Amino acid sequence: KRYCSHETTTQFHIVLRTFGIYYHVLGFMMFVSKFCTIFLVLEATFFTSNVCAFSKMVKLESVFRFANIYGDHMVLQMKPFSAVVWGFGEIGQTVDVKLGGEVQTTEVVKGPEGSGVWKVTLDSRGAGGPYNITATSKVDNVMKTITLEDVLFGDVWVCSGQSNMQFTVSQAINASEASKEADNYPEIRLFTASLIESETPLYELKEVEQPWSVASSETVNGGTWKYFSAVCWFYGKNLYDQFKRPLGLVATDWGGTPVEAWSSPDALRKCNVTGNKVDNLYLLPEDESFKGPQSHSVLYNAMIHPFLNMTIYGAIWYQGEANAGAPYNYNCTFPAMIDDWRSKWFYGTDDLTDPEFPFGFVQLSANGNDSTIADGFPVIRWAQTANYGYVPNLRETNVFMAVAMDLGNASSPYGSVHPNDKQDVGYRLALAGRAVAYGDLDVYYSGPIVSDVIITAPAKSNTTWIATVKYHHESVGLGGIELRSDHGFEFYCALPGQSEITQAKIVSSDFSSVHVTGDCPHEMSVQGIRYAWYTKPCDFKKCAVYSKENDLPGPPFTWNAPVN
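Under the working numbering, think of the first position of the sequence shown as 352, with each following residue one higher.
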C-alpha cells in the first residue's frame, strides 16, 4: 500500500510529464486509482520495479549538490597538491565553481546509474582559510547556487582499519580531559563514514555517520564506537601541535574486519587470494560483537572507493587482529593494499594525490595477560613490515609505524584486544609521521633497530651460547639504549630434524649493543635469535630494549645468523 502514497502519485506525475504525456488532473487521478487497484494485487510485478527505478533516475538527474564527502567546515588538500571538488547535477548543464576570484567551469556528464556528475580541480592554495566555495548550475531550467562554508586548506589524512581505529576518544584513558582539549583545536576538522558494505564499488558514500565538524569537546565525543576515532584524533592533534596547519581527519573504519575486506580485487589478485570470504578469523570471546564483514573487497567498495576522487595527503591504519588466525599471507596482502590504494587515489584524483603518499600504521599491541603465548600476533607484527622488521624499507617505501606491543592493558573495559591508552599510540605514530611523511630530519622517530647479530658458540668447557645484538646508531638517539628488563630474547636451537626455542638472558649492554646468553639442549646449536615474539611480550612500557632519547621501544624481530 505504501506504493500508492501521495509521494508516489507525485512521482508518476513527473514520469508522465517526462514522456510528454499531458492529461486532465481528474483523468490522472482516475489513472492512479485504477493503477493502485491493480497494483495491490500485483505488487511485485516487473512494471512496478521499473517505474520506481525510473523515478529514482529522474530524481537523480534533477539534483544539484556536492558529493556527501564534502561539507561545511571541511578541509581541502593544500599545495603543492590541488584539491578536487565534485558533485551531482543535471546532465548537459555547465557548472561554475567559484573560490575567491577563481572560477572553474565544467560540464555535468553521465555517471553511475544514469546520474549526472561534475568535477573540478581547484588551483592549489596554501594553508589557511576560511573560504566559501560556491557552485552554480541550472536545474529544471532554474539557476541554482550551492555553497560550502567555512572551508580550510590544509592536509587531509584518511584513518582506517578495524576496532582499534574505530575505538573512540570517549573510550580512551582520561577521556574527559582529552575531550576538553579538543576545544583548543578549531583548525582540525573531523569526518566519520558510516558502517556500510557493498559487493560493488560505490561512487558515493551511502551514509555519513559524522559530517564535517569543527573539533570540539562535543564532536570528538560522539559515543562509544561511533566518533571520533581516538588514534586518528591523537595522531592529528600531535601533528597540529608541531606544524600548526589545518588538518582534515577522515575516519572510515569497522571493527573485526580483515585486510581482505579493505582490499580491491586488483590487490588481492597480486597475492593469489582466492574465494570471496575470510574464514580463519581470529576472535577472542570479548571481540565476537565486533565481527564485521568478512567478504573480500566489500569495505574497499563501500568505505574507501567513495573517497578516491578526494585529494589527500596520506593515510594511517590500525588493523591486523582479525588476520591473526591465518597470518602468513599478510606480508603480501598488506603491502599490496598500500600499493593499490596509492595507485587508485592517484588515478581517481586525476594524478593530483601523490602516487607514493605517506602511509602509517600501528604495529599490533599486546593481547591477553599471558606472556608465554606466541600465536598469530607476532607473525602479523613482522608481516606488517613486509618481514623487514622496520619501516620504511625497500618493499614499503614512504611507510612509517608506531610500535605498540608494550601498551597493552589486560584489564581494559573493552577487552584486552582493545587497550585504552590511545594517547601514546597517537603520539608515537605522529612522531614517525613527522619524520617520514613531513621530512623532519631532527626527530628520532623509532626505537632501536637491529643492524647485526653476532652469535658465538660455547667453548668446549661449557654449553653457554653468546649473542651480541647490534643496533643502528641513528635509531638509538643521543642517549643510547635503555634496558628495562633482562628477558625477551630467545634462541632458535636446532639439530637436523628437530628444533627448539630457548630463553636467552640479557647480561650486559653498551651504547648501541645488547649481549645475551643462553643454552641449547640435546647438543643442538643456535641458528638464530628472536625478540619480543609473543602476543603479550611485556608489561606496560616494560619491554627490554628502549631508546633513551625518545622513550620508544625497539620493535620485535627474528634473525638467522651465522655462528662464530
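Just so it is clear, CB atoms sit at the ideal spot from N, CA and C, and this is done for glycine as well.
Just so we're clear, the structure is a prediction, and the values are computed from it rather than from any experiment.
Check: Would the beta-carbon of V629 fall within 8 Å of that of T684?; Outcome: no
Check: Mapping DSSP to helix, strand and coil, what is A761?; Outcome: coil
Check: Rounding to the nearest angstrom, what Cα-Cα distance links T457 and V426 in this structure?; Outcome: 22 Å
Check: Helix, strand or coil for F379, going by three-state DSSP, please let me know.; Outcome: Annotation note: pLDDT 38 at F379 (below 50); position unreliable, coordinate value reported separately. The answer is helix: DSSP assigns F379 an H, G or I state.
Check: Say whether the segment 791–805 touches the segment 887–905, bearing in mind that this needs 3 or more beta-carbon pairs closer than 8 Å, one atom from each stretch.; Outcome: yes
Check: So, is T369 buried or exposed, given that buried needs 16 or more other C-beta atoms within 10 angstroms?; Outcome: Confidence at T369 is low in this model, with a pLDDT of 35, below 50, so its placement is unreliable and the value that follows should be read with caution. Answer is exposed; the Cβ neighbour count stays below 16.
Check: Could you tell me which of S812, S898, V493, V801 sits nearest to A818, measuring between CA atoms?; Outcome: V801
Check: I need the straight-line Cα distance from D890 to H838, nearest angstrom please.; Outcome: 12 Å
Check: Counting pairs of Cβ atoms below 8 Å between the segment 742–750 and the segment 720–727, do you hit three or more?; Outcome: no
Check: Quick check on T684: does DSSP put it in helix, strand or coil?; Outcome: helix
Check: In the DSSP assignment, find the unbroken alpha helix (DSSP H) run with P729 in it and report its ends.; Outcome: 727–735
Check: Residues in the same chain with beta-carbon distance under 7 Å from K430, minus the five sequence neighbours each way, listed in chain order, please.; Outcome: S475, R476, G477
Check: State the Cα-Cα distance for the pair G606 and W563, rounded to the nearest angstrom.; Outcome: 22 Å
Check: From V468 to G440, what distance separates their C-alpha atoms?; Outcome: 6 Å
Check: With which residues is I800 paired in a DSSP beta bridge?; Outcome: The partner list for I800 (beta bridge, DSSP) is empty, contrary to what the question assumes.
Check: In its own chain, which residues sit with a C-beta less than 6 Å from the C-beta of S826, not counting the 5 before and 5 after it?; Outcome: S797, P799, I800
Check: Name the two residues that bound the continuous alpha helix (DSSP H) containing E825.; Outcome: 824–827
Check: Put S836 into one of helix, strand or coil per three-state DSSP.; Outcome: coil
Check: Contact defined as beta carbons within less than 8 Å: I believe W733 pairs with G740. What is the distance between those atoms, to the nearest angstrom?; Outcome: 7 Å
Check: Is the number of C-beta pairs between the segment 760–771 and the segment 681–697 that are closer than 8 Å three or more?; Outcome: no
Check: Give the DSSP bridge partners of E453, in chain order.; Outcome: L450
Check: Where does Q849 land, buried or exposed, given buried means 16+ other C-beta within 10 angstroms?; Outcome: exposed
Check: So, helix, strand or coil for D890, using DSSP?; Outcome: coil
Check: Quick one: is Q714 buried, meaning 16 or more other Cβ sit within 10 Å of its Cβ, or exposed?; Outcome: buried
Check: Using three-state DSSP, classify V768 as helix, strand or coil.; Outcome: coil
Check: Taking the alpha carbon of I420 as the reference point, which residue from N492, I497, K557, G512 has its own alpha carbon closest?; Outcome: K557
Check: Please state if the CB of V490 and the CB of F417 are separated by a distance shorter than 8 Å.; Outcome: no
Check: Going by C-alpha distance, which of R881, G599, A533, E550 is nearest V820?; Outcome: R881
Check: Among P729, G480, I442, whose alpha-carbon lies nearest the alpha-carbon of G326?; Outcome: Because the chain here runs from 352 to 915, residue 326 falls outside it and cannot be looked at.
Check: Tell me which residues share the same chain as D423 and place their Cβ nearer than 7 Å to its Cβ, disregarding the 5 neighbours each side in the sequence.; Outcome: L499, E500, D501, W563
Check: Reducing DSSP to helix, strand and coil, say where P616 ends up.; Outcome: helix
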